[in-house]
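Using our numbering, the first residue of the first sequence is number 81, and each one after it goes up by one. Glycine is no exception: its CB is placed at the ideal position from the N, C-alpha and C atoms. All of these numbers come straight from a predicted model, not from anything done at the bench. Contents: one structure, followed by commentary.
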Amino acid sequence: MQRIEKIIKELTCQAALHSWNATLEEGNVQVQKTRREFEGDFTVVVFPLLKFSKQSPEQTGESLGVYLKRSSDLIEDFNVIKGFLNLVIAQQYWKELLDGALRSPSYGRRVPGEDSPGVMIEYSSPNTNKPLHLGHIRNNLLGHSISRILKATGNRVKQVNLVNDRGIHICKSMLAWQMDGKGEDPLSSGMKGDHLVGKYYVRYDQIYKSQVQTFVENGMSQKEAEAEAEVLIEAREMLRKWEAEDPEVRALWKTMNDWVYAGFDQTYRRLGINFDKTYYESETYKLGKELVLKGLREGVLYQKEDGSVWANLEEEGLDHKLLLRSDGTSVYMTQDVGTAHQRYEESAFDSHIYVVGNEQNYHFQVLAIVLKKLGYAWADKLYHLSYGMVELPEGKMKSREGTVVDADDLMDEMEVTARQMSEELGKLEEFSEEEKRRICRQIGMGALKYFILKVDPRKNMTFDPRESVDFNGNTGPFIQYTYARIRSVMRKGADMHKGTGNEELNKKEVILIRMMHDFPEILSEAAHTLNPSLVANFMYELAKEFNQFYHDYSILSAETAGQVSQRLLIIEAAGNMIESGMELLGIEVPERM
RNA sequence: GGCUCCAUAGUUCAAGGGAUAGAAUAGCGGUUUCCUAAACCGUAGAUACAGGUUCGAGUCCUGUUGGAGCUACCA
């Protein structure tokens, strides 16, 4: 069955040809859903048509309405208010939809095939010197949800992670552990590996600060002291040894990184995310140098007297960018040039998405330009999904002030709150301990994920811990609860299914079906704009609409058997759609809660 | 200083150039012999400021004010 919007557009073009002898494209026809306060299902905005009809808005709407009604059985009636032609769609359309596609768990989804576009998406990209925090959570949830959305819209998606496992920051943790660690490890300390390493990163900072202070007290300037502090010099020396592949340093580095990975794995599992491939910066940081040198030979880059290599981006309205240091070593940009090249060689992606915060806008702008200069046509297949910062009600998270919200702590807290709420409401009394745990985990994680994903990724957002554990209103648990209610009714009504009921649909039922009819468009819009919040907000609207319906009309005690059957079809569709949509957000839905 | 992004009820978020700017939350007032009240209903409350483009501007353009980010031989 063809979608009704498409039919309306086609017929409008026909009408324009017949009535006004004007040729217009379907793209010129604006069809939107009729606002609730007016009679109708879809609305054609007639203002853009006036230049073809050469009539008043009212006359144009009226004559178009007459034409549409006469041309299609699906258009039952119309009315014109100001410049808006409101169309009432025949019940038959909604009923056929309900009997067919709408109830499918895969409604609106497409399955990727061999020749579907290949999308590589990089996200998470943690440093190994400290545990994941709230900012990483947003990154991970976005990356994962976008991956699922892209898969569901027919793309072959490859999820990759790039772990920043080398550099001065890791050396700082290593050094502090050597100084103060007394040999403790995750087992002996009972700490998660990433937290343990993070503890020594903090420890390093304390040692550093106290050394700086001592130097200043002995008459050194602040700036001088900061540059001369012994631990900093030692950390640099350790990095140098790391690069020289000193066995002892490498061994410690490997040990501590492995602790961190074990910790990260746990956090990732809990978040429900996974990667098809993980890249390690220690293996990729040298990549890119050859490409840069080649660019230098070809004259698209230039070299200063000190030997450093640069790209001149003035033509693009930017600055000059360093690509190789005077000692010949690579910088971050060099590495990204290399990894992009490597990935394209590996899988010839049709697009490559980087889920990275907006503080790196400049970096990715430069990356694309540099790749272009180096002659890679695929440079314009790179896309930086630049998401906004997560702030707390009192402002930015600051590690120095201890206001960083730890990812693991946050997840714990969400689950504990779910537990408390469930117990207060007496929701889980008849469940086993294991079931209780599972449901509270689903609810807690659902609340957290929804809270973050409902916001447009590109915008900065405020994370209010108090609000995030609210399970009422526009929240994940609200939608989960709606699902649980649906499933409950379906269990009770399993025997009452008597096939299709051909009953008159009431207003609320039509609204629900019409809303569900939109799901494919929401999906494709979300995929197009890489924006899971569209799916999240749609799920909320749907749940809200469903709850009103549920409140106003009885399903199992409807007046006729036909009505019972028909309503069971509607809630089946709604349940499947909630499950499907929430899956795209990485949120599980419980059968009971 | 330069560049980029942002500004919507007390607060947190919506609104493909289209009708009277929607929700949630906090506040106030209601709904339970009935399929899960983590629900439902009612009430009140917002486009930073000044211009411009348009039949029509929260949305596009210019300026002002306020906020964030970037502007490293860091990543």
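Judged by pairs of C-beta atoms under 8 Å, the stretch 464-476 touches the stretch 430-439, as three or more such pairs exist. Taking a 10 Å sphere around the C-beta of ASP338, we find fewer than 16 other C-beta atoms and assign the residue as exposed. Judged by beta-carbon spacing, LEU665 lies within the 8 Å limit of ALA616, meaning their Cβ atoms are closer than that value. Between the alpha carbons of GLN112 and LYS507 lies a gap of roughly 41 Å.
When DSSP states are grouped into helix, strand and coil, THR123 belongs to the strand group.
Taken through DSSP and simplified to helix, strand or coil, PHE355 comes out as coil. As a beta-bridge residue in DSSP terms, SER410 pairs with LEU404. Taking the Cα positions, HIS443 is about 43 Å away from LEU104. DSSP lists VAL168 as the beta-bridge partner residues of ASP157.
In chain order, TYR280 place their CB closer than 6 Å to the CB of TRP257, counting only its own chain and leaving out the 5 sequence neighbours on each side.
In this chain, the alpha helix (DSSP H) harbouring VAL590 covers 587-597. Note that the C-beta distance between PRO670 and ILE226 is not below 8 Å.
For GLY215, the uninterrupted alpha helix (DSSP H) segment begins and ends at 214-232. One Cα belongs to SER362, the other to ASP326, and the distance between them is close to 14 Å. With a minimum length of 3 residues, the unbroken runs of beta strand (DSSP E) contained wholly in the stretch 437-514 fall at 462-467. One Cα belongs to THR409, the other to VAL243, and the distance between them is close to 19 Å.
The residues GLY437, MET469, VAL470 and MET477, in chain order, have a CB closer than 8 Å to that of GLY215 in the same chain once the five nearest residues on each side in sequence are set aside.
Taking C-beta atoms under 8 Å as the contact rule, ILE84 and ILE169 qualify, at a distance of about 6 Å. Under DSSP, the beta-bridge partners assigned to GLY198 are ARG236. By the C-beta criterion, the stretch 399-406 is judged not to be in contact with the stretch 278-293, since fewer than 3 inter-stretch pairs fall below 8 Å. Spanning the alpha carbons of LEU182 and LYS587 requires a straight line of approximately 18 Å. Here PRO137 is buried, its C-beta having at least 16 other C-beta atoms within 10 Å. One thing to note: ASP356 has its Cβ no nearer than 8 Å to the Cβ of VAL496. The three-state secondary structure of HIS577, taken from DSSP, is coil.
Measuring C-alpha to C-alpha distances from GLY270 to each of LEU447, THR335, GLY343 and THR414 identifies GLY343 as the nearest. Non-local C-beta neighbours of ARG405 in its own chain, meaning closer than 8 Å and more than five positions away in sequence, comprise SER388 and VAL411, ordered along the chain.
Taking the Cα positions, TYR530 is about 16 Å away from ASN540.
Going by beta carbons, ASP430 and GLY198 fall inside the 8 Å limit.
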